[in-house]
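Structure first, commentary second.
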Amino acid sequence: MEYLSSLNDKQVKAVKHIDGPLLVLAGAGSGKTRVITVRIVHLIAEHDVLPHNILAVTFTNKAAGEMRERITAMLIGRKLKSAPLISTFHSLCVRILRQDIEELQEGYTRSFTIYDTDDSLKVIKGAIKDLGFDTKQIAPRQVLNAISGSKNRGEDHELFSSRVDYADEKRAAIGRIFKAYEERLNNANALDFDDLLIKTVRLLRKSPETRAKYNDRFKYILVDEYQDTNPLQFALVKYLTEQQQNICVVGDDAQSIYGFRMADIRNILDFEKHFPNAKTVMLEQNYRSTQTILDAADSVISNNRGRKEKKLWTDNPDGDQLIYFQAFDADSEAKFVASQIYDHRRLNPKDKVAVLYRTNAQSRVFEEALRRMRIGYNMVGGFSFYERAEIRDIVAYLKLSLNTFDDIALSRVINTPARGLGKATLEELERVRKDLDCSYWEAIETVLSEDFEGTFSVTPRAVKSLKLFRGIVNGLIAKIGECSKTERPVSDVVIAAIEQTGYSYMLKSDNSEESEARLANLEELVNAAVDYDRQESDGLRDFIDHAALSSDTDKFDRNAPVTLMTVHSAKGLEFPVVFLVGLEDGIFPHARSINDPLELEEERRLAYVAITRAEKKLFITHSTRRRVYGAETTAEPSQFLNELPLDLIKDVSRGNSWLSFAKSSTTLENKRAAAALRGETHAKPKSTYTGKTYNSNEAIAEFFKSKSGKDSNEDRSKESKPKKSGIEKLREFAGKDRKEPVAAPAGRFLPGAHVRHAKYGKGLVLRREGSGDNVKLTVSFPGFGQKKLIEKFAKLETA
DNA sequence: AAGTAAATTTTTTTT
DNA sequence: AAATTTACTT
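According to my numbering, the stretch in the first sequence is residues 260 to 1058, in order.
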């Protein structure tokens, strides 16, 4: 049991708890993955549990892969007949459904197709058109979000529609689209990502036998990142552990960052309620970061109201200060990051570096800067291999061959490569499909069948093309059958799909560089297929499932010197050096979250996750100018910067920065103001607040008021979740405020104007009240918060 | 029917 | 600014 010696007492406690529910509340960097992996090894080695009977569930393939690797390494040398199943929620569901979905009797067969987000959007677009709506009035993306949200809360389209207020036309429309969407998926024998969970839960609910079967199979279940489970995932866990109750969940409420996917933090907070007799272990010793980094993280997260008090501590040294850089624009920010990486790696070549940003769109400038300095990097997320058009085309051929009801796959490839099937033919086909209420494939069969010759308005040329297309797909179907018993059931079919569809001919006859790159990509697909065949091959279907469920996130390479990724993707990872970039209001926290206190708290947890990724060095940067949709805008420093302990930060900006102002402003007045905003009577002695933190109702009220002047034309009323009435009122208030005409003489400081103040420096005018000599201005000074000034006395200058 | 030019939209975060 | 969709020419 030497593997136990490397654990602390609490960790050992978690590992040694065998039977019954166990909750491990594990702070950032407290060795949570270690506990899970050692626990699994312990179950096998000491308690003779068959690996086959163990299930560990994670959220990402990346996490699953990592865990699998570690466990395999620890179990090396033991002769085991089976391996524990380590899987994401989604692939677990696919595994169950591929076996038992027919029990559900909802018309689905085992050869169902998985629709990814892109496919779903296409279905929605089709449904919108079919119902006579316009995609301009109803954004498909918005519909998908509404549908997905509803599904993840465990609601179906009927429940959705029953909740429609008749005055709300848009919601009523979405309800109808929802229904049509479900019908289309059902007809196509297709499941979207959410359906994978829904159908599995429904199956387990419906069939006690199936439930018993999996309870029997999975005697010990572990769930990682439990704070990110949504109601469906919770239900799944509940059913799977119904009999044996051997459930171990690990998570940290402070790191719950998937609220937008309906993750419910209460799942972890109420674990003891959901699973009586649960034992709880708290892991609070951090092994990862320096004290300074932990202080910074704690200082930020302590601004959240809804959280379990947890005190993370470490034996690690204080370490370096945080390094702060304010850039002039996004390019100079990237340049700074690249040169710092260069310098750091010259002295510490072994240190892995991560650049973390809020949104994928930010990655570009960093890629360019790193390339310019010839620093090798690895980017996670963004554009996945399987998202490339040529890969998707070939995969679509394969999906269609496995399931000819897959309308989306069919419409993707019917004229790819071009074979002379144009708009007219496709429209005729669509009509036939609608009239007969069948799939495209059946429509093609009908159009081509001799019984109906002359019935349809298709040109002879089109008939020829359709026959060609049908021949190709039938050829592939035959090929799949032939190859299924051979040594190469996947790669031979993939090669056939590339060759027989005319795809490789198309790319080869076009001698552009792009075509060559695409051919190379297809070769990579073949390589992946060959690899798949070489491993214990589960056949073509699994290969395709894998393509659907893998996002490039799991392509994370721990050996890459520099990794670029979103903060979300970085969860669960750690790096000696971390750059947290783009700390600006509107980016981090994201503009979409700024108006909702709960979403803002999630952004703060996200910031907490970002900070706690760092082991030794943390760089934080922001830029004063940034392009949004190609237009240059000025950017305010992130409100989270205000929440950091400023005395732990070293400013390396050129010239005067937001931080230099913030640091010099430690007047009593500001401290009092900050304390009052937090609803405290006395400022904490340790506090270094200088500005406003937006976490009290008053502050939020002021925030709304101030924003009203800024983007006055924006319609932000639509499709908002039910919120606290107080917030609604504030919005209304902000709305009224907005309409008030601002009758100020020209040349004065109107809302939106950039001004300079002798003491506070640059600021933005948010509000203007009164007239004549009594004009009062509300001005936001980065680092000082908002100030009310009498225009006459303030001696403001235009900046 | 296919290729090109013009217009329009896009950005949260992920399986 | 880039990518996607639509409109227009051949």
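The beta carbon of each residue, even a glycine, is placed where N, CA and C say it ideally should be.
Go through its chain and collect everything with a Cβ distance to residue i's Cβ below 6 Å, but skip five positions before and after it.
i	result
Asp852	One point to set straight first is that residue 852 is Ser, not Asp, in the sequence displayed. Excluding sequence neighbours, Ser852 sits near Glu858, Leu859 and Glu862.
Asn674	Leu680
Asp610	Pro835 and Val836
Val423	Arg430, Ala431 and Gly434
Asn1059	With the chain represented from 260 up to 1058, any question about residue 1059 goes unanswered, as that position is not in the structure.
Asp588	Ser882 and Arg884
Lys409	Note that residue 409 is Ser in the sequence shown here, rather than Lys. Phe419.
Cys742	Pro748, Asp751 and Val752
Name, in chain order, the residues that DSSP records as bridge partners for residue i.
i	result
Gly510	Leu284
Lys538	Leu281
Gly845	His849
His881	Gln585
Ser346	Val316
Tyr485	Answer by DSSP bridge pairing: none, since Tyr485 is not bridged.
Val821	Val612
Lys876	Val836
Glu891	Arg886
Tyr764	Paired residues: none, contrary to the question.
Ile908	Leu581
Quick check: the Cα distance between residue i and residue j, rounded to an integer number of angstroms?
i	j	result
Thr663	Ser558	56 Å
Leu907	Ile527	33 Å
Val752	Asp792	11 Å
Ala628	Ala597	6 Å
Gly798	Glu649	21 Å
Arg547	Lys814	23 Å
Glu999	Glu1050	In this prediction, Glu999 scores a pLDDT of 29, lower than 50, which makes its location untrustworthy; the coordinate-derived value is nonetheless stated afterwards. Their backbone Cα atoms lie some 19 Å apart in a straight line.
Phe419	Asp453	16 Å
Ile739	Ile803	13 Å
Asp487	His827	12 Å
Phe838	Met541	29 Å
Ala1005	Glu1056	Unreliable positioning characterises Ala1005 in this predicted model, as indicated by a pLDDT of 35, which lies under 50. The coordinate reading is nonetheless provided below. One C-alpha to the other measures close to 15 Å.
Asp577	Gly288	16 Å
Gln502	Tyr479	11 Å
Gly889	Thr825	21 Å
Trp700	Arg443	14 Å
Ala1003	Asn854	No answer about Ala1003 holds up, because its pLDDT of 32 lies below 50 and its placement is not dependable.
Tyr485	Thr292	12 Å
Asp389	Pro399	13 Å
Nearest to residue i by alpha carbon, out of the options?
i	options	result
Arg566	Ile582, Ile524, Pro576 and Ala721	Ile524
Asp483	Phe318, Ala756 and Ile600	Phe318
Arg720	Asp307, Gly681 and Asn404	Gly681
Asn818	Ala613, Ala513 and Thr292	Ala613
Leu903	Arg476, Leu842, Gln599 and His849	Leu842
Leu877	Val274, His603, Ile360 and Phe534	His603
Asp375	Leu363, Leu403 and Glu365	Leu403
Asn446	Tyr262, Leu695, Thr893 and Ser919	Leu695
Val274	Tyr425, Lys338 and Val508	Val508
Ile879	Glu891, Val911, Ala894 and Arg886	Val911
Gly640	Ala655, Tyr656, Arg623 and Thr684	Arg623
Ile757	Asp574, Ile383, Leu553 and Val654	Val654
For residue i, which residues from the same chain have a beta carbon less than 7 Å from its beta carbon, with the 5 sequence-adjacent residues on both sides left out?
i	result
Asn489	Asn411, Arg520, Met521, Ala522 and Asp523
Asp652	Arg671, Val672, Thr675 and Tyr762
Asp378	Ile667
Ala537	Pro280, Leu281, Leu282, Phe530 and Glu531
Asp278	Asn505
Ala755	Leu735 and Lys738
Asn474	Leu499, Glu501, Gln502 and Gln503
Leu309	Ser341
Thr469	Asp359, Glu362, Leu462 and Leu463
Looking only at its chain, what residues have a beta carbon closer than 8 Å to the beta carbon of residue i, apart from the 5 residues adjacent to it on each side?
i	result
Ile397	Ile387, Lys429, Ala432, Ile433 and Ile436
Thr296	Met326, Arg329, Ile330 and Met333
Leu707	Val722, Leu725, Lys726 and Arg729
Gly366	Asn445 and Asn448
Gln800	Strictly speaking, residue 800 in this sequence is Arg, with Gln absent from that position. Within the same chain, Arg800 has close Cβ partners Arg357, Ser370 and Leu661.
Arg864	Ala513, Gln514, Ser515, Ile516, Ile560 and Asn563
Quiz item: Does the count of Cβ pairs from the stretch 633-652 and the stretch 770-789 closer than 8 Å reach three?
Solution: Yes: at least three Cβ pairs fall under 8 Å.
Quiz item: Are three or more beta carbon pairs between the stretch 620-634 and the stretch 691-700 nearer than 8 Å?
Solution: Fewer than three beta-carbon pairs drawn from the stretch 620-634 and the stretch 691-700 are found closer than 8 Å, and the two stretches are therefore not classed as touching.
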